[in-house]
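Numbering of the sequence shown is given in our numbering, commencing with residue 4 and proceeding in unit increments.
Beta carbons are placed, not taken as given, at the ideal position from N, Cα and C, and that holds for glycine.
Predicted, not measured: the structure shown is a model, and the values here were computed from it.
Structure, as structure tokens:
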Amino acid sequence: MEFSVHNPHRLLNYWIEKIKKSSNISEKNKKAITNFYDECLSLRLSDFQR
């Protein structure tokens, strides 16, 4: 899988899946991390270019 600065959503989705499958992370923390990543995914690049 190739990641680039131009496709941050692919990288975030990759990490979300890895976190969900991890057995070392508590359910509470998994939920917090994936909620944070979901927030990041909902942002657009234009939101940062102001």
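- Note on geometry: alpha-carbon atoms of Asn27 and Lys21 lie some 11 Å from one another.
- Rounded to whole angstroms, Ser45 and Lys23 show a C-alpha spacing of 19 Å.
- CA-to-CA, the gap between Cys43 and Lys31 works out to about 19 Å.
- Shown here, Ser26 sits in coil according to DSSP, grouped into three states, outside any helix or strand.
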